[in-house]
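So the structure is just underneath, and the comments pick up after that.
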């Protein structure tokens, strides 16, 4: 039985936002996740391998120190960490960009009325602006949290929606910035709660992907502490690192989808719907009832 198309721009309460988000993920799992996987697997695997081989050196120094009763960690290689952060930024931009371009087209054209090529073409136009948005918002929130903790938390909630606002509404930066705060007006606490729950869900699920690496590290540590020689297998650690990194980044789709549905929920009742949006929503409702 074919699943009914979801109306994205619809007012929803706390539980409805979460339920609709997971229904959307189940419905669009194959096309959305496969597209994100295809375009992020190379940078994510590269970052995982760098992390694995660098961590081998770090842990070997530490385990050797355990044998000599002088445990110590090697100083971090800032060039490697810098490159890994850059790859992480690019990967995150690809994930958030593909997720929101997909949701925007689903909302505009309807389910099955657009292709992967359409999504990637739209992302190509928005890729560098999304990077710019991330950098600006990141700098603003960094200073807000460093000097003003409470305002930093307050600003993080509306600004979590700035990419979906930019993707769907296609306005300039200053308009999108103001739009985020307008949407949150009188809805800050429910949005904050939804984001916290989404982070908890993603964090708990990501622990599953990271567990093999944790168990491997514990086994090696216990073996070394009992007087055994530290023997870290590069292949095993690389595989565990890839599983952890790729799995965790794929879960970001869940986080961004939940935030996206909260955006559509808030925008459904703020008086900003266009005439075409309302017509499309009526048409989709009639199709779902048929």
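Residue numbers (my numbering): 0 to 289. Think of the CB as a built atom: it goes at the ideal place given N, C-alpha and C, for glycine as much as any other residue.
Considering only their Cβ atoms, is the gap separating residue j from residue i smaller than 8 Å?
| i | j | result |
| --- | --- | --- |
| residue 264 | residue 16 | yes |
| residue 100 | residue 121 | yes |
| residue 252 | residue 98 | yes |
| residue 6 | residue 46 | no |
| residue 194 | residue 238 | no |
| residue 114 | residue 260 | no |
| residue 254 | residue 201 | yes |
| residue 199 | residue 13 | no |
| residue 212 | residue 10 | no |
| residue 205 | residue 247 | yes |
| residue 105 | residue 182 | no |
| residue 126 | residue 92 | yes |
| residue 242 | residue 208 | yes |
Which of the three DSSP states, helix, strand or coil, is assigned to residue i?
| i | result |
| --- | --- |
| residue 6 | coil |
| residue 178 | helix |
| residue 168 | helix |
| residue 112 | coil |
| residue 160 | coil |
| residue 244 | helix |
| residue 12 | coil |
| residue 65 | Low per-residue confidence applies at residue 65: pLDDT is 49, beneath 50, and the placement is therefore not dependable, though the value from the model is reported in the following sentence. DSSP places residue 65 in helix when its eight states are reduced to three. |
| residue 100 | helix |
| residue 267 | coil |
| residue 18 | helix |
| residue 147 | coil |
| residue 91 | helix |
| residue 133 | helix |
| residue 191 | helix |
| residue 283 | Bear in mind that the predicted position of residue 283 carries a pLDDT of just 48, short of 50, making it unreliable; the figure below should be weighed with that in mind. Here residue 283 sits in helix by DSSP. |
Considering only residues of the same chain and omitting the five flanking positions on each side of residue i, which have a CB-CB separation below 6 Å?
| i | result |
| --- | --- |
| residue 144 | 151 |
| residue 110 | 4 |
| residue 186 | 265 |
| residue 102 | 259 |
| residue 197 | 254 and 257 |
Between residue i and residue j, how many whole angstroms is the CB-CB distance? I'm expecting something under 8 Å.
| i | j | result |
| --- | --- | --- |
| residue 34 | residue 118 | 7 Å |
| residue 128 | residue 89 | That belief does not hold up - the Cβ atoms of residue 128 and residue 89 are roughly 14 Å apart, past 8 Å. |
| residue 156 | residue 191 | 5 Å |
| residue 293 | residue 160 | Outside the shown range of the chain, which is 0 to 289, sits residue 293, and nothing can be said about it. |
| residue 23 | residue 256 | 6 Å |
Leaving out five residues on either side along the sequence, give the residues of the same chain with a beta carbon under 8 Å from the beta carbon of residue i.
| i | result |
| --- | --- |
| residue 50 | 83, 240 and 244 |
| residue 234 | none |
| residue 140 | 151, 154, 155 and 158 |
| residue 124 | none |
| residue 184 | none |
| residue 147 | none |
Spatial neighbours of residue i within its chain, please: CB distance less than 7 Å, with the 5 preceding and 5 following residues excluded, ordered by chain position.
| i | result |
| --- | --- |
| residue 107 | none |
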